[in-house]
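Each protein sequence line maps, in turn, to chains A and B. For the first sequence, this note's numbering begins at 48 and goes up steadily by one. For the second sequence, this note's numbering begins at 59 and goes up steadily by one. All C-beta atoms in this analysis are idealised placements derived from N, C-alpha and C, irrespective of residue type, glycine included. These notes are about the structure you will find just below.
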Amino acid sequence: MKTKKRAEFFRDCRDLLSLIHRRRPTAIPAALVTALLESAFPFVNILFGARILDRLLAGGEGVMELVGWMVALDFVLGCGSRVLRWSCRAEALTADELSMAAVAEKCLTMDYQQLETQSIMDKLTRAGEGVTAQGDLFSFLWSLSELLGHGLTVLYALAAVSLLFLPADLPAGGEGWVRALNSPWAALAALVLALAAPLACVPLVRRKNRLSRELHQRSLDGNRRFSTYLSIACDYQLGKDIRTYAMDGMYFAKQDRFWVGFLDLFRKYNFRRSAVQGLIAVVNLATVLIAYLFVGLKAMAGLITVGMVSMQVGAITALAGAVRQAVELIGRVDLQRKYLKEYTEFLAIPSEKYNGTLPVEKRDDGDYDLEFRDVSFRYPNQEQWSLRHVTCRLPKGRKLAVVGPNGAGKTTFIKLLCRLYDPTEGAILLNGIDIRKYDYGEYLSLLSVVFQDFKLFSMKLGESVASSADYDPRRVWECLEKAGMRGRVERMEKGLDTGLFQQEEDGVELSGGEGQKLAIARALYKDAPVVILDEPTAALDPVSEYEIYSRFGEMTAGKTSVYISHRMSSCRFCDVVFVFDGGTIVQQGSHEALLAQDGLYSRLWQAQAQYY
Amino acid sequence: MKKQKHRPALVNIWYLLRQAVRQDRTYPLALAAVLAVKLALPVIATLLPTAAVAALTRGGTLGTYLAAIGGLMVLYAGGTFLGVLLEEVLSVKNSVFRTIWGVTAQTKKALTMDYQLLESPEGLQRMETASHAVGGNHVGVEGMLRHLADWLLNLLGMVLYGGLAVALDWRILLVLAAMTAANYAIALWAWRFNMRTKGEADKDLRGQNYFFRLSRNPANGKDIRLYRMEQWIMGAVTACVMRRDSWRRRSFGRRALRSVSDSVFLVLRDLLAYAMLVGSFLAGDIDAAGFTLTIGVISTFTNWLNMFVAASDDWRYETLEVDDFRNFLDQEDIFNHGPGPDVSKVQSPPRVELRDVTFTYPGGEKPVIDHLNLTIRPGEKIALVGLNGAGKTTLVKLLSGLYRPTGGEILVDGVPAADFNAAEYLRLVGTLYQDVKLLPFTVGENVSGAEDYDRERVWACLEKAGLREAVEALPKGLDTSITQRLERDGVDLSGGQQQRLLFARALYKDAPILILDEPTAALDPLAEADLYQKYAQTTGDKTSLFISHRLSSTQFCDRVVYLENGRVAEEGTHRELLERGGKYAELFEIQSSYYKDKTDQEEPS
């Protein structure tokens, strides 16, 4: 078991290092060199300080030469390692941002269904929280390089300490204890004793790490609440409601109560942890004491010089310190490895969706036949069916209206059509072939969709219409024209280069109606043979609504189009109407035919028409 | 953006320290204890080798050697343990101060300052920078306070050791002074560069974070996939990262130069110190112990000096954030927050009069509300209609008491609205805002706006809003939390249910003036018709204003007001306006055309 764990540890470290190397090839060499220089630095003074003192006591000849060497080495190692450290920091911060970018890319490309899956998003949160609490990829590299540095320190220190093992010529009249001190065994015993202190700390270090982990676990929930409270207070839209309904009192009562518990948790853990930390520091001081005793006794007996005393104390202290820190670091590296595993595992989540390879036949006549065959669907972890036994065929090249009460399954119908989800039962066919068998990207190229909750991002307007950094401005203008946005954009100073929203410099804010028009322009630019508009006029005033209605025919000429709306008026200009209720299609036919029936359709129609 | 006030770092730290002491009387005690221990430890550390060398070279006995080393070690161990504990005490005090004082002050200001000031782009920006200043252990408020101990410690250490060093040789002090001056000059240069270029880099950081948030928000996922935006977005992300990378290299390069300059001066320092000490030693002025002590003192002094400069340098960055924070808190309200006329004297329902009301957004060129005159009789129901951008939502904010007119006045029962205490005026109006937003608290709390509420009344309001059954079906009824943001067992309500809950909230508040801003946009026809009816039934005794793009809704209102370019273009009953054949009639015609018989209508498109 233990070897297995160790093997896992090494494998993970290797994998993480190779990930770092791929992302930033200069990072590992830079960290290595820094470790090399930094660990050597203290030994310059330890070594030269002793020799300078001895030389002085011996009369002072050539002492300035030694000083010169020491100063020169100090300069090279000190300056080099500090400059390198800055460079490593820059390297690390950039690579850290690249790591975040990798997460973003994963989110952009994973199955849509996965993006909505709680367990996967929890993994993302855990990975993120672990990374913020325990350090990212580059803190990991940093820890490893420190570990290496401590290893080197041990080597240097052992080399220095080995001088202690050389027996000196016994001074005349050496007593028994002097002879004993002179033996290599005494040196060995002292060394073992000196190292016993950091090793005795191992259980303490474990305890400290356990406390840190426990605190991290127990504060996860609190951290989430903390940021929720902050986001409430900083949500200016919510600020209207909080003022109007005088809810600030309730908010602060809750926030204050939350803090009492949350801060107590930290207090409790931090004090316990710092007591352990203090104990570790004190126990480690035993090393220094032992070093002074042993080396001092030797000097007193005349076995070593006075200069050697400071050198050996320095070396033994450095040795024990390096061992102690290495022990702590191994714990940290192990922790970091575990957290980073969440991160790498998140990046490695495989797609669950079956992705076919069939290309979609390119046709100019828009002859794409889409059919639902006995499709049933329920959302993951839900018992209720959102769609049940839906069988229908989209009217090729014609206009379809989809209506029904809230929650009837209209939007789910569209999501399945876009393959954002796959049917739980049944199949959707394109020209007689299951859409799962087509290459997903190719299949999506058939659809232009304006979702009810369409999103526009804070980038340049022209790019936003084209969904790309490279676009054909002439076509963008055409689409804006068709969507009724051309005039507004022409009045903007920078035209298509105008930024949208706050993230862009001088970004313009769009009203709900303008946003909707832009989303429609985006759908038109895509120029796909199937056009789907989900509630495209909800935020529009009657005149803009009329414009969209009037242009609908022109916008969708020769295409199969689907129009979902609560405005029953839109059914008038569609060729076919599907009426959804409770997840099934309860009625279908032309507006006139359905109005003549005594069914849900006529009730929906009357509910609105009565006022006109 | 208006020029923001900047204060010297010491002014800000003094301000924070005063606040911290006010929060916690024992704060200075903890600070002093940390300083005392941490100042003593390096002294002992310098004395230890000196004592050893002294005992060995001055011919001491084994006993004196053991006593010296043992005594110092005991002191050192005790100090170390105490130091770790005390530092933790102080660190926890700092974190507690940031949350209990800092975050509370920030959120309190955000939730209670005049909304008009908050909502402007500058106001939001100010709020964001202020929340960043209290957003972590090592930034802004807490960062600055954390560095206070370091700064004081190094200052004290510098004075203490500086005295010793000067007693040894003033030339060494000269070299160190030059080193510090050079370091300071380079730091200033690096800082200026940073200030000049930070704006761009910060923009890229915000851009990056915007894209990161955007990518993981499931709500964006559909559009991103359907329009294959991943390359486009990643291109933008990578550009941000790379621009920051090149900026960081330049900025860090400047800072690294300080290390180089320090190293050069250290060479000078060491050469000088050793030359002098070797001379003194050989001349017999000092012995080996004195030699060791002096080397220790000089290196410790240099250390204090460097760390003092570093701590001051950290402050240079943090003090700006503290400035942001204080500037946010110091924003002066413009509404009346003192005593005003008694709101309980306002009749229910009251008469509301807008007299020559004008409103221009800060920096806006033309007024959004332009010399508008309108009188709403007590208990009258007004339908406010108009195209997008006619000024309807601004008018809602003015009447709700979130904005004050830039010209003219609003009178409630003849009393100018601006005369009322701002918070009391808010009690007069119940508004359903267009952007449907609920708190992640329980259903009952969302309806009543309080933790302690009349459950019967909440149920009655839910009933009237048509939401009773749905709430009864929830696992914990009124005590069910909305969304899982705070409670794991919270539930998500559909758009229609949220809409109804907001309506129930307005009913619970039972304010004499009621405003509904587009409350049915997301509803299906049956639910919409149902809500219209409920509004008509329950708003009988209120002075109310109803805004909707669905002109059909105007029919249960007493009067229709058609707004255009911030002015009342037409007003009258639905019938009157239709007969007049003006703009309202035209709009109504457009909408109703679809619902009328096909025979007398032309097919559009």
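Check: Unbroken beta strand (DSSP E) runs of length 3 or more, entirely within the stretch 458-492 of chain B: which are they?
Finding: With a minimum length of 3 residues, the unbroken runs of beta strand (DSSP E) contained wholly in the stretch 458-492 of chain B fall at 465-470, 487-490.
Check: Excluding sequence positions up to five away, which residues of its chain have a Cβ less than 6 Å from the Cβ of L405 (chain A)?
Finding: Numbered from 1 along the first sequence, position 358 holds the residue referred to as residue 405 (chain A). So the list reads K484, Y485, once near-sequence residues are dropped.
Next item on the list: Indicate whether at least one CB of chain A lies closer than 8 Å to the CB of V318 (chain B).
Entry: One-based indexing of the second sequence puts residue 318 (chain B) at position 260. Chain A has a Cβ within less than 8 Å of the Cβ of V318 (chain B).
Note to self: Going by DSSP, what residue range makes up the alpha helix (DSSP H) through D581 (chain A)?
What the structure shows: The count along the first sequence starts at 1 and reaches residue 581 (chain A) at position 534. It is not in any alpha helix (DSSP H) - D581 (chain A) instead sits in the beta strand (DSSP E) that spans 577-581.
Next item on the list: Check each candidate in A:Q284, A:L557, A:W116 and name the one with the smallest Cα separation from V536 (chain A).
Entry: As a position in the first sequence, residue 536 (chain A) is number 489, starting the count at 1. Minimum Cα distance to V536 (chain A) is reached at A:L557.
Margin query: Looking at the secondary structure, which residues open and close the alpha helix (DSSP H) in which R608 (chain B) lies?
Written below: The residue you call residue 608 (chain B) lines up with position 550 of the second sequence. R608 (chain B) -> no alpha helix (DSSP H), and no H or E assigned at all.
Item checked: Cβ of K280 (chain B) within 8 Å of any chain A Cβ -> Counting from one through the second sequence, the residue named residue 280 (chain B) turns up at place 222. Yes - at least one Cβ of chain A is within 8 Å of the one on K280 (chain B).
Margin query: What does the Cβ neighbour count give for M253 (chain B), buried or exposed, with the cut at 16 atoms within 10 Å?
Written below: Residue numbering aside, residue 253 (chain B) sits at position 195 when the second sequence is read from its first letter. Per the 10 Å Cβ criterion, exposed.
Check: What does a CB cutoff of less than 6 Å around Y648 (chain A) pick up in its chain, not counting 5 residues either side in sequence?
Finding: Reading the first sequence from its first residue, position 601 is the one you call residue 648 (chain A). Listed in chain order, the non-local C-beta contacts of Y648 (chain A) below 6 Å within the same chain comprise V626, Q634, L641, local neighbours out to five positions each way being set aside.
Check: chain A partners of Y652 (chain B), CB-CB under 7 Å?
Finding: In the second sequence, residue 652 (chain B) corresponds to position 594, counting from 1. Neighbours of Y652 (chain B) on chain A, chain order: S616, R619.
Item checked: Spatial distance of S149 (chain B) from R204 (chain B) (CA atoms) -> Counting from one through the second sequence, the residue named residue 149 (chain B) turns up at place 91. Counting from one through the second sequence, the residue named residue 204 (chain B) turns up at place 146. Spanning the two alpha carbons is a distance of roughly 7 Å.
Checklist line | Limits of the alpha helix (DSSP H) - the one that C298 (chain B) falls within | finding: Reading the second sequence from its first residue, position 240 is the one you call residue 298 (chain B). Run containing C298 (chain B): 288-340, per the alpha helix (DSSP H) assignment.
Checklist line | Option in A:Y426, A:D469, A:V80 with minimal Cα separation from W133 (chain A) | finding: Sequence index remark: in the first sequence, residue 133 (chain A) carries index 86 (1-based). Nearest of A:Y426, A:D469, A:V80 to W133 (chain A), Cα basis: A:V80.
Notebook entry, point to check: So Q284 (chain A) and K495 (chain B) are in contact, right, with Cβ under 8 Å, and what is the actual spacing, rounded?
Noted result: Against the first sequence, residue 284 (chain A) aligns to sequence position 237. Against the second sequence, residue 495 (chain B) aligns to sequence position 437. Taking C-beta atoms under 8 Å as the contact rule, Q284 (chain A) and K495 (chain B) qualify, at a distance of about 5 Å.
Notebook entry, point to check: What residue from A:V578, A:A585, A:T545 has the CA that sits closest to Q563 (chain A)'s CA?
Noted result: Taking the first sequence and counting its residues from 1, one reaches residue 563 (chain A) at position 516. Looking at the Cα atoms, A:A585 is the closest of the given residues.
Check: For N241 (chain B), does the count of other Cβ atoms within 10 angstroms reach 16, so buried, or fall short, so exposed?
Finding: For the purposes of this step, residue 241 (chain B) is identified with residue 183 of the second sequence, where counting begins at 1. With 16 or more other Cβ atoms from the protein chains shown falling within 10 Å of its own Cβ, N241 (chain B) counts as buried.
Next item on the list: Determine whether the Cβ of T657 (chain B) lies closer than 8 Å to any Cβ atom of chain A.
Entry: As a position in the second sequence, residue 657 (chain B) is number 599, starting the count at 1. Confidence at T657 (chain B) is low in this model, with a pLDDT of 43, below 50, so its placement is unreliable and no value can be given for it.
Margin query: Between M365 (chain B) and chain A, is the shortest Cβ-Cβ distance under 8 Å, so that the two count as touching?
Written below: As a working mapping, residue 365 (chain B) is identified with position 307 in the second sequence. No, its Cβ sits nowhere closer than 8 Å to a Cβ of chain A.
Item checked: Proximal chain B residues relative to I289 (chain A), where beta-carbon distance stays under 7 Å -> Against the first sequence, residue 289 (chain A) aligns to sequence position 242. Result: L169.
Check: Grouping DSSP H, G and I as helix and E and B as strand, with all else coil, what is F417 (chain B)?
Finding: Indexing the second sequence from 1 puts residue 417 (chain B) at position 359. The answer is strand: DSSP assigns F417 (chain B) an E or B state.
Check: Among all the DSSP beta bridges, which residues are the ones paired with Q634 (chain A)?
Finding: For the purposes of this step, residue 634 (chain A) is identified with residue 587 of the first sequence, where counting begins at 1. According to DSSP, Q634 (chain A) bridges with A:V626.
Notebook entry, point to check: What are the start and end residues of the alpha helix (DSSP H) that includes L140 (chain B)?
Noted result: Within the second sequence, residue 140 (chain B) is the residue found at index 82, counting from 1. The continuous alpha helix (DSSP H) containing L140 (chain B) extends over residues 120-154.
Checklist line | Any C-beta of chain B under 8 Å from that of S505 (chain A) | finding: Start at 1 with the first residue of the first sequence, and residue 505 (chain A) comes out as number 458. Yes, S505 (chain A) counts as interfacial toward chain B.
Notebook entry, point to check: Are any of the Cβ atoms in chain A nearer than 8 Å to that of S370 (chain B)?
Noted result: As a working note, residue 370 (chain B) is residue 312 in the second sequence. At a cut-off of 8 Å between beta carbons, S370 (chain B) makes no contact with chain A.
Next item on the list: Could you tell me the distance, in whole angstroms, from the CA atom of V322 (chain B) to the CA atom of R229 (chain B)?
Entry: Mapped onto the second sequence, residue 322 (chain B) falls at position 264. Mapped onto the second sequence, residue 229 (chain B) falls at position 171. Distance from the CA of V322 (chain B) to the CA of R229 (chain B), rounded to the nearest whole angstrom, comes to 16 Å.
Notebook entry, point to check: Residues in its own chain within less than 7 Å of L103 (chain A) by CB, not counting five upstream and five downstream?
Noted result: Against the first sequence, residue 103 (chain A) aligns to sequence position 56. Only V110 meet the Cβ criterion.
Next item on the list: Could you tell me which residues DSSP puts in a beta bridge with G630 (chain B)?
Entry: The residue given as residue 630 (chain B) occupies position 572 in the second sequence. For G630 (chain B), which the question treats as bridged, DSSP gives the partners B:V618.
Note to self: Whole angstroms are fine: how far does the CA of F318 (chain A) sit from the CA of T596 (chain B)?
What the structure shows: Position 538 of the second sequence, counted from the start, is the residue given in the question as residue 596 (chain B). Position 271 of the first sequence, counted from the start, is the residue given in the question as residue 318 (chain A). The C-alpha of T596 (chain B) lies about 58 Å from the C-alpha of F318 (chain A).
Next item on the list: Could you confirm whether any beta carbon from chain A is found closer than 8 Å to the beta carbon of R204 (chain B)?
Entry: The count along the second sequence starts at 1 and reaches residue 204 (chain B) at position 146. For R204 (chain B), not one C-beta of chain A is nearer than 8 Å to its own C-beta.
Item checked: Per-residue DSSP class, three states only, for F419 (chain A) -> What you label residue 419 (chain A) is simply residue 372 of the first sequence in a count that begins at 1. Strand, per DSSP.
Margin query: I'd like to know whether the C-beta atoms of Y401 (chain A) and N478 (chain A) end up nearer to each other than 8 Å.
Written below: Here residue 401 (chain A) refers to the residue found at position 354 of the first sequence. Here residue 478 (chain A) refers to the residue found at position 431 of the first sequence. One thing to note: Y401 (chain A) has its Cβ no nearer than 8 Å to the Cβ of N478 (chain A).
Next item on the list: Note down, in chain order, every chain B residue with its Cβ under 8 Å from the Cβ of N317 (chain A).
Entry: In the first sequence, the residue the question calls residue 317 (chain A) occupies position 270. Those within 8 Å of N317 (chain A) in chain B are E146, S149, V150.
Next item on the list: Leaving out five residues on either side along the sequence, give the residues of the same chain with a beta carbon under 7 Å from the beta carbon of N229 (chain A).
Entry: Position 182 of the first sequence holds residue 229 (chain A). Close CB contacts of N229 (chain A) within its chain, under the 7 Å cut and outside five residues either way in sequence, are with P214, A215, L217, L350 (chain order).
Next item on the list: Find the residues of chain A that neighbour F323 (chain B), judging by a C-beta separation of less than 9 Å, and give them in chain order.
Entry: Within the second sequence, the letter at position 265 stands for residue 323 (chain B). Within chain A, no residue has its beta carbon less than 9 Å from that of F323 (chain B); the closest one is some 10 Å off.
Item checked: Given 8 Å, three or more beta-carbon pairs between the stretch 630-637 of chain B and the stretch 557-569 of chain B -> Flag = no, the stretch 630-637 of chain B and the stretch 557-569 of chain B do not touch.
Checklist line | Minimum Cβ-Cβ distance from G454 (chain A) to chain B less than 8 Å | finding: Within the first sequence, numbered from 1, the residue matching residue 454 (chain A) stands at position 407. Closer than 8 Å to some Cβ of chain B, the Cβ of G454 (chain A) qualifies, so yes.
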